[in-house]
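J.: Got a structure for you, questions after.
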Amino acid sequence: MRDNPPRPRRRPPPPPTPVRATGHHDEQEPRLYTPAEAAALLRIPESWLRRRAGRRQIPCTFLGKHLRFSAADLAALIAASAEPATGRRTHRRCHPPTPT
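Quick note on full-length UniProt numbering: the sequence shown kicks off at 1 and runs consecutively.
So this is what it looks like as C-alpha cells:
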C-alpha cells in the first residue's frame, strides 16, 4: 500500500462585503421595485400596474419575464397622471328663466 501525501487545506471564502447600514442606495445601484412594491408606494391596485405595463402604456422595465419599476418610472407615471388645477365651475343656465 502506498502512502498518500496529505492534501493542502482550502482557504475559507472571503467574508461577504458588509451592507451599508444607512439604508441609502448608491446612485450606481438603481432600486427596482416589484409590481407589488410599486403599487403599495402609489397606493393603486397591482393589477392596474401589471395590465398597463403589459400593454406598454406606462414606463416599466422587463428583466427577462420579470416586471420591475424604477424610481424614474414611478416619477414619470405620477407626472403623466397629474392634472392642472382648474377654477371652480359655476352652473350656467342655458335658457333665461321664464317669467311667471
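Note that CB positions come from ideal geometry on N, CA and C, so glycine has one too.
(1) Judging by CA-CA distance, which residue of Pro30, Thr86, Leu77 and Asn4 is the nearest neighbour of Arg56?
(2) Looking at Pro35: is its Cβ nearer than 8 Å to the Cβ of Arg50?
(3) Helix, strand or coil for Arg68, going by three-state DSSP, please let me know.
(4) For the alpha helix (DSSP H) containing Gly87, name the first residue and the last one.
(5) Look at Phe62 and Tyr33 and say whether their C-beta atoms are less than 8 Å apart.
T.: Concretely, from the data shown:
(1) When only C-alpha atoms are compared, the closest one is Leu77.
(2) Cβ atoms of Pro35 and Arg50: closer than 8 Å.
(3) Here Arg68 carries a strand assignment [DSSP, helix/strand/coil].
(4) No alpha helix (DSSP H) holds Gly87; DSSP gives it neither H nor E.
(5) No, the pair does not count as a contact, with Cβ atoms beyond the cut-off.
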